[in-house]
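Worksheet for the structure shown next.
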Amino acid sequence: MTETIRQYFDAFNNGDLPGMLACLSEDVAHHVNEGQVRRGKDMFRSFCEHMNRCYREELTDLVIFEAEAGTRAAAEFVVNGTYLETDDGLPKAEGQTYCLPAGSFFSLKDGMITRVVTYYNLADWIRQVS
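The UniProt record's numbering numbers the first residue of the sequence shown as 1 and each following residue consecutively.
Structure representation (structure tokens):
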């Protein structure tokens, strides 16, 4: 199952939204950092399209962990980004760069990601771009 997670992150780093979506179940539950749970590929796609407008990011130092016979996984990584367009309720975007440790947790079934949970320190991000 770590292959599915690696494909997901490779697609992210390549800006390949269809590749990311191909790793997800139709009813994926996407738990957004400090936000609402979004259900289904359409909500995930919409979220990613918004993020791609506001941020350009590359993930480095990726470490993937697998547990529970391939039904759970986690990843630790560093987000290296540029703030492109002001996001609602956040500081003004002026091309600021940031480097932020983050992590994601996954549930998998039949080789597909059914749950994505991502965490990062929003206060640290705000400090870096302010």
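For every residue, glycine included, the Cβ atom is placed at its ideal position computed from N, Cα and C.
Label residue i either buried or exposed according to how many other C-beta atoms from any shown protein chain fall within 10 Å of its C-beta, with 16 as the threshold for buried.
i           : result
SER46       : exposed
ALA67       : exposed
HIS30       : buried
VAL116      : buried
residue 131 : For the chain, the structure presents residues 1 to 130; residue 131 sits outside this window and is missing.
ALA95       : Inspection of the sequence shows that residue 95 is occupied by Gly rather than by Ala. So GLY95 ends up on the exposed side.
ALA75       : buried
VAL28       : buried
Just verifying my parser: in three-state terms, what is the DSSP assignment at residue i?
i      : result
LEU100 : strand
THR86  : coil
THR71  : coil
GLY19  : helix
LYS109 : strand
GLU58  : strand
GLU34  : coil
ALA29  : strand
Which residue's Cα is closest to the Cα of residue i: the options?
i      : options                       : result
TYR83  : GLU76, ARG127, GLY70          : ARG127
PRO91  : ARG39, LEU17, VAL129, CYS23   : VAL129
GLU60  : GLU34, LEU100, VAL37, ALA93   : The question names Glu, but residue 60 is Thr in the sequence shown. It is LEU100.
GLY15  : PHE106, GLY95, PHE77, GLU58   : GLU58
GLY40  : MET112, PHE65, SER104, TYR119 : MET112
ALA73  : TYR119, ASP42, ILE64          : ILE64
TYR98  : ASN121, GLY89, SER107, GLN7   : ASN121
GLU25  : ALA11, HIS50, PHE44           : It is worth fixing the name first, because residue 25 is Ser in this sequence and not Glu. Measuring from the Cα of SER25, the nearest candidate turns out to be PHE44.
LYS109 : CYS23, ALA102, VAL78, GLY19   : CYS23
LEU17  : TRP125, ASN33, ASP42, ASP124  : ASP42
GLY81  : GLY103, THR2, GLY89, TYR55    : TYR55
Could you pull the DSSP bridge partners for residue i from this structure?
i      : result
GLY81  : GLU57, TYR98
THR118 : SER104
ALA63  : For the sequence presented, residue 63 should be read as Val rather than Ala. Looking at the DSSP assignment, VAL63 forms a beta bridge with GLU76.
ARG39  : ALA29
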